[in-house]
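Only one structure is covered here, and it is reproduced in the block below.
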Amino acid sequence: MSQKVLAVFMSVGAASGLVAGLILLNLDNNGLTYVEGASISVTTDKNDYKRGEPIQVRVINTGTMPLETSKQWNLRITGLSGMLMYDAGERAYNVLSPGLDDTIVWNQTKNDGNVVLEGLYRISVEGTDAGGFTVQDWITVSIWK
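No gaps in the numbering here: position 76 of the sequence shown is 75 in numbering that gives the first Met the number 0, and each next residue is one more.
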């Protein structure tokens with residue numbers, strides 16, 4: 000009798016775990032959340048990179064208002080300590096309409112032209128809506144040998 004009860008409880012536990020996993024699973028792999036108002040998101044094509052491998056940084060307007068910038072989305076790459084490694088600098092004036100994106104490729108070089116070392120880096124971007132409200136987002140990537 001106890002073996003049957005154990006089998007039933009194991010089956011119910013496995014089934015409920017499967018159902019809970021399917022409910023909690025986010026099928027949208029990019030993890031973006033679109034909101035009302037001004038919003039910006041940053042993603043990369045992956046989280047881990049080999050040293051010297053180009054990193055594709057994708058800036059997405061995840062809001063309902065156009066975003067503006069006079070810089071390259073104020074793309075800044077810092078070490079986790081906050082030390083600035085790379086600043087994309089000035090670029091032609093940009094407007095990013097809702098739902099659209101812009102891709103910037105970083106070749107893992109610092110502002111001084113040297114290649115960054117292995118480690119964790121924070122990539123941050125920002126944009127401004129027509130009312131002057133600034134929105135920001137950031138992501139962390141790993142660079143390995």
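Don't be surprised by glycine CBs; every beta carbon is placed ideally from N, CA and C. Computed from a predicted model, the values in this text were never measured in an experiment.
Query, Result
"Limits of the unbroken beta strand (DSSP E) element including Glu35", "No beta strand (DSSP E) holds Glu35; DSSP gives it neither H nor E."
"Same chain, Cβ closer than 8 Å to Thr190, neighbours up to 5 away in sequence not counted", "Nothing about residue 190 can be reported from this structure: the residues present for the chain run from 0 to 144 only."
"Proximity to Trp143 [Cα-Cα], best of Pro97, Tyr92, Val115 and Lys70", "Val115"
"Arg75 versus Glu67 - alpha carbon distance", "16 Å"
"Three-state class that DSSP yields for Asn25 in the structure shown", "Confidence is the limiting factor: at Asn25 the pLDDT is only 45, short of 50, which leaves the residue's position unreliable and the question unanswerable from this model."
"Leu74 - containing beta strand (DSSP E), residue span", "Per DSSP, Leu74 belongs to no beta strand (DSSP E) and is neither H nor E."
"Cβ shell of Val146 (< 8 Å), same chain only, five flanking positions each side left out", "The structure shown does not extend to residue 146, since the chain is modelled only from 0 through 144, so no value can be given for it."
"Distance, Gln107 Cα to Glu52 Cα", "7 Å"
"Rounded distance between the beta-carbons of Gly88 and Lys70, thought under 8 Å", "7 Å"
"Neighbourhood of Gly118 by C-beta, 7 Å cutoff - its chain only, sequence neighbours within 5 removed", "Gly78 and Ile142"
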